[in-house]
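Only one structure is covered here, and it is reproduced in the block below.
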Amino acid sequence: MILYNVTVSIDNTVAADWLQWMQEVHIPEVMQTGFFLGNQICRVVETEDTGGTTYAVQYTCRNVEDLMEYQRDHSPALQQKLHERYAGQYASFRTMLEVVGVNVERKEQE
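For the sequence shown, my numbering begins at 697 and goes up steadily by one.
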């Protein structure tokens, strides 16, 4: 399984609006492409005040090929909508991760 992580630092003056827009518009549009199995939004807990709030928006998909097709055929238009709405108020980067373990627990020593 592949985890597609989009880290976004959004200016505090628009952070609440951005979060609502992500939940009501952007993420549903991403999910409607049919390439992703699930999603979640995490807020990065920081002690340093940077004037912004950082979120990790995570999507899971079956394989790298699905993610590459999404990035080629759908991502540019969806990213453009984000840029048009919040230009100059955010910075983002994307990371592709391969899931190699889930709910891993330490086995008791015998």
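Ideal Cβ positions, reconstructed from N, Cα and C, are used throughout, including at glycine.
It should be emphasised that the depicted structure is a prediction, and the values quoted were computed from it without experimental measurement.
CB-CB under 6 Å to residue 704, same chain, minus the five flanking residues each way: which ones, in chain order? Mapped onto the sequence shown, residue 704 falls at position 8. If we look at residue 704 and ignore the five residues flanking it on each side, its Cβ neighbours are 751, 786, 788.
The segment 757 to 767 / the segment 740 to 749 touching (three or more Cβ pairs under 8 Å): Too few Cβ pairs lie closer than 8 Å, so no.
Classify residue 780 as helix, strand or coil using the three-state DSSP reduction. The residue you call residue 780 lines up with position 84 of the sequence shown. It is helical.
Taking only runs of the beta strand (DSSP E) that begin and end inside the segment 711 to 737, which ones reach a length of at least 3 residues, in chain order? The segment 711 to 737 is shown to contain no whole beta strand (DSSP E) run of 3 or more residues.
With DSSP collapsed to three states, give me the class of residue 760. By 1-based counting over the sequence shown, the position of residue 760 is 64. Correct three-state label for residue 760: helix.
Got a sec? Which residues, its chain only, sit under 6 Å from residue 723 by beta carbon, not counting five neighbours each side? Translated into positions along the sequence shown, residue 723 becomes position 27. 735.
N-terminal and C-terminal residue of the beta strand (DSSP E) that residue 791 is part of: Along the sequence shown, read from residue 1 onward, the residue named residue 791 stands at position 95. Secondary structure note for residue 791: its beta strand (DSSP E) is the uninterrupted segment 786 to 794.
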